[in-house]
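Visitor: Starting off with a structure, shown below.
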Amino acid sequence: MAEGIKNKVAIIGMGCSKFGELWDKGTEDLIIEAYTEAMEDAGIEKSDIDAVWYGSCYDEINAGKSAMKLATTLKLPHIPVTRVENLCATGSEALRGAVYAVASGASDIALAIGAEKLKDTGFGGLTPGDGMFGTENRTYFPNASGPGGFAQVANAYFSKYGLSYEEGKEALAHISWKSHQNGSKNSKAHLRNKPSMEEIINAPMIAHPLGLYDCCGVSDGAAAAIVVRADMAEKFRKDPIYIKSMQIAVSSGEEIYDTDWDSTYVISTTKAAERAYEEAGITNPREELSMIEVHDCFSITELVTYEDLQISPRGGAVKDILDGFYDIDGGVPCQTDGGLKCFGHPIGASGLRMMYECYKQLQGNEGERQIKSPKLALTHNLGGFPAMCVVSVNIVGNEL
């Protein structure tokens, strides 16, 4: 049996650019900003890097389908550079490539970096035909949209668990309110405003019952990580962060035709989480996880992810949300940096941005946003639609 990658690889340096509408910067500027911070954090030289994985989703902006964009930007010395893309899990996929290279013994030190300049494309995230899933989807899914697809999840969830519109909206609003409270304290976040619960609940409707504050925005940004063999990590720093698990689950779309699936959860998330916990040796995630960064493209996505990750029981997420269980001072804080709600979603960067927050929290370096005594952290990405998606679940910790 495969033994997995638990404790074979450590992160010794990370960097993250400011996210936002960065009209005065190009992709190269964002890459250099994240890379420079990561290299200084790790205390290494460019010549120490054996291989690089670069995550980017939009070819027309990020200079073709090869990795030469990154190699030329960073003036890399003829080392292997691989460009990867896997929808909204692209940043996590870049990290997975670097981690697997080190875990296999093929490399001692590897760099993962993800970057995206979405504002320049005009991409709004509304239809699958505007770039993310390819123009062929205009034919297959002419009326599909992200807000519409996830609004169906919300309505199905409200119906299944007997929630009134008002009860459901209150839970969704608390999710967004909590993230904005955290993001307002984060200097790298795109949005640092603090809307009230009333403003969130009464915001313009996008796709019933999802309003404006239930949907994440589009932004520009980059993030980077440097990984090494675990047995080398303390040569570089006293507080490395160790990889416990990395799992990807991809749906074939069978949920669309499965009458047993009722749209109130995401099968790919449940599968990826099950494998991630097994690899990491976690048996009770509600008690063992210190924090989570999940893919809050919509507030309902965050809600059902709590249950898909086996932290809240099925149908129990609403109570946990309203009890403050996922607030920054709760049992399992979620989106301590503000999440996609406050950072927006530059697709190639988001997974690494989530890991950046976990890395800093596990080291105790987040100032007024710092949670108490964290040990294990989880990141989650979801790309696509609830019935056809790619999901990444990664777990890291600060102890061997």
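Sequential numbering from 86 applies to the sequence shown in the numbering used here.
For glycine and all other residues, C-beta sits at the position ideal for the given N, C-alpha and C.
How many angstroms separate the CA atom of Ser177 from the CA atom of Trp108?
Guide: Locating residue 177 in the sequence shown gives position 92, where the first residue counts as 1. Locating residue 108 in the sequence shown gives position 23, where the first residue counts as 1. Each residue's alpha carbon lies about 25 Å from the other.
Visitor: Name the one or two DSSP bridge partners that Leu407 has.
Guide: Numbered from 1 along the sequence shown, position 322 holds the residue referred to as residue 407. In DSSP, Leu407 forms no bridge with anything.
Visitor: Could you have a look at Asn267 and say whether DSSP puts it in helix, strand or coil?
Guide: Position 182 of the sequence shown, counting from 1, holds the residue named residue 267. Three-state result, Asn267: helix.
Visitor: Distance check for Ala472 and Gln237, CA to CA, integer angstroms please.
Guide: As a working note, residue 237 is residue 152 in the sequence shown. As a working note, residue 472 is residue 387 in the sequence shown. Each residue's alpha carbon lies about 11 Å from the other.
Visitor: Roughly how many angstroms separate the alpha carbons of Ala239 and Val94, rounded to a whole number?
Guide: Residue mapping note: residue 239 aligns to position 154 of the sequence shown, counting from 1. Residue mapping note: residue 94 aligns to position 9 of the sequence shown, counting from 1. Cα to Cα, Ala239 sits roughly 38 Å from Val94.
Visitor: Who does Gln332 pair with in a DSSP beta bridge?
Guide: Counted from its first residue, the sequence shown places residue 332 at position 247. For Gln332, which the question treats as bridged, DSSP gives the partners Val478.
Visitor: In the DSSP assignment, find the beta strand (DSSP E) that holds Asn240 and state where it starts and stops.
Guide: For the purposes of this step, residue 240 is taken as residue 155 along the sequence shown, with counting starting at 1. Careful: Asn240 lies outside any beta strand (DSSP E), inside the alpha helix (DSSP H) at Gly231 to Lys245.
Visitor: Exposed or buried, His465, counting other C-beta atoms within 10 Å across all chains shown (16 or more means buried)?
Guide: Counting from one through the sequence shown, the residue named residue 465 turns up at place 380. By the neighbour-count rule (16 or more Cβ atoms within 10 Å), His465 is buried.
Visitor: With DSSP collapsed to three states, give me the class of Val137.
Guide: Numbered from its first residue, the sequence shown carries residue 137 at position 52. Reduced to three states, the DSSP call for Val137 is strand.
Visitor: Within 10 angstroms of the Cβ of Phe428, are there 16 or more other Cβ atoms? Answer buried if so, exposed if not.
Guide: Indexing the sequence shown from 1 puts residue 428 at position 343. Label assigned to Phe428: buried.
Visitor: Spatial neighbours of Arg371 within its chain, please: C-beta separation below 6 Å, excluding the five flanking residues on both sides.
Guide: Looking up residue 371 in the sequence shown gives position 286. Once the five neighbours on either side are set aside, the close Cβ partners of Arg371 are Ile396.
Visitor: Would you report the Cα separation of Thr349 and Cys101, rounded to the nearest angstrom?
Guide: For the purposes of this step, residue 349 is identified with residue 264 of the sequence shown, where counting begins at 1. For the purposes of this step, residue 101 is identified with residue 16 of the sequence shown, where counting begins at 1. One C-alpha to the other measures close to 34 Å.
Visitor: Could you tell me if Gly366 is buried or exposed, where buried requires 16 or more neighbouring beta carbons within 10 angstroms of its beta carbon?
Guide: Residue 366 sits at position 281 when you count from the first residue of the sequence shown. So Gly366 ends up on the exposed side.
Visitor: Going along the chain, which residues of its own chain have a beta-carbon closer than 7 Å to the beta-carbon of Glu453, five neighbours each way excluded?
Guide: By one-based count along the sequence shown, residue 453 stands at place 368. Result list for Glu453: Lys270, in chain order.
Visitor: Could you give the residue range of the beta strand (DSSP E) that holds Thr421?
Guide: As a position in the sequence shown, residue 421 is number 336, starting the count at 1. That residue, Thr421, is in no beta strand (DSSP E); it is neither H nor E in DSSP.
Visitor: Could you check the C-alpha separation between Thr386 and Phe321 for me, to the nearest Å?
Guide: Numbered from its first residue, the sequence shown carries residue 386 at position 301. Numbered from its first residue, the sequence shown carries residue 321 at position 236. So the alpha carbons of these two residues sit roughly 38 Å apart.
Visitor: If Gly105 sits next to Glu201, beta carbons under 8 Å apart, how far is it from one beta carbon to the other, in whole angstroms?
Guide: By one-based count along the sequence shown, residue 105 stands at place 20. By one-based count along the sequence shown, residue 201 stands at place 116. Between Glu201 and Gly105 the Cβ distance is about 12 Å, and since that is not below 8 Å, they are no contact.
Visitor: Just tell me which of Gly302, Ala179 and Gly234 has its CA closest to the CA of Ala310.
Guide: Start at 1 with the first residue of the sequence shown, and residue 310 comes out as number 225. Closest by alpha carbon: Ala179.
Visitor: Do you know whose CA, among Gly190, Ser477 and Ile164, lies nearest Lys316's CA?
Guide: Working through the sequence shown from its first residue, we reach residue 316 at position 231. Reading off the sequence, residue 316 comes out as Asp, not Lys. Considering only alpha carbons, the answer is Gly190.
Visitor: Identify whether Asp412 lies in helix, strand or coil by the three-state DSSP scheme.
Guide: Taking the first residue of the sequence shown as position 1, residue 412 is located at position 327. Coil at Asp412, not helix or strand.
Visitor: Determine the extent of the beta strand (DSSP E) in which Arg168 is found, giving its start and end residues.
Guide: Counting from one through the sequence shown, the residue named residue 168 turns up at place 83. From DSSP, the beta strand (DSSP E) with Arg168 extends over Val166 to Val169.
Visitor: Going by Cα to Cα distance, which pick from Ala256, Ala288 and Cys301 is closest to Leu276?
Guide: Within the sequence shown, residue 276 is the residue found at index 191, counting from 1. It is Cys301 whose Cα lies nearest to the Cα of Leu276.
Visitor: Buried or exposed, going by whether 16 or more other CB atoms sit within 10 Å of the CB of Ile286?
Guide: Reading the sequence shown from its first residue, position 201 is the one you call residue 286. Ile286 is buried by the Cβ-count criterion.
Visitor: Using DSSP with H/G/I as helix, E/B as strand and the rest coil, what is Met473?
Guide: By 1-based counting over the sequence shown, the position of residue 473 is 388. Strand.
Visitor: What number of angstroms, rounded off, separates the C-alpha of Glu170 from the C-alpha of Cys142?
Guide: For the purposes of this step, residue 170 is taken as residue 85 along the sequence shown, with counting starting at 1. For the purposes of this step, residue 142 is taken as residue 57 along the sequence shown, with counting starting at 1. So the two alpha carbons sit approximately 5 Å from each other.
Visitor: Out of Trp262, Asp347 and Pro418, state which residue places its alpha-carbon closest to the alpha-carbon of Lys245.
Guide: Stepping through the sequence shown from its first residue, residue 245 is reached at position 160. Of Trp262, Asp347 and Pro418, the residue nearest in Cα terms is Asp347.
Visitor: Distance, Cα to Cα, Glu340 vs Ser435?
Guide: Numbered from its first residue, the sequence shown carries residue 340 at position 255. Numbered from its first residue, the sequence shown carries residue 435 at position 350. Approximately 26 Å, taken between the alpha carbons.
Visitor: Whole angstroms is fine: what's the gap from Tyr362's alpha carbon to Lys460's?
Guide: Residue 362 sits at position 277 when you count from the first residue of the sequence shown. Residue 460 sits at position 375 when you count from the first residue of the sequence shown. Roughly 15 Å between the two C-alpha positions.
Visitor: Using only CA atoms, which one of Met331, Phe410, Ile198 and Val303 lies nearest to Lys426?
Guide: For this step, residue 426 is matched to residue 341 along the sequence shown. Of the candidates Met331, Phe410, Ile198 and Val303, the one whose C-alpha sits nearest the C-alpha of Lys426 is Val303.
Visitor: Starting from Arg438, trace the beta strand (DSSP E) in both directions and tell me its first and last residue.
Guide: As a first step, residue 438 is located in the sequence shown; it is residue number 353 there, counting from the start. Run containing Arg438: none in the beta strand (DSSP E); it sits in the alpha helix (DSSP H), Ile432 to Gln448.
Visitor: State yes or no: is the C-beta of Val313 nearer than 8 Å to some heavy atom of the ligand FMN?
Guide: With respect to small molecules bound, the structure shown includes none, and the ligand FMN cannot be examined in it.
Visitor: Indicate the three-state DSSP secondary structure (helix, strand or coil) for Thr464 in the structure shown.
Guide: Position 379 of the sequence shown, counted from the start, is the residue given in the question as residue 464. DSSP places Thr464 in strand when its eight states are reduced to three.
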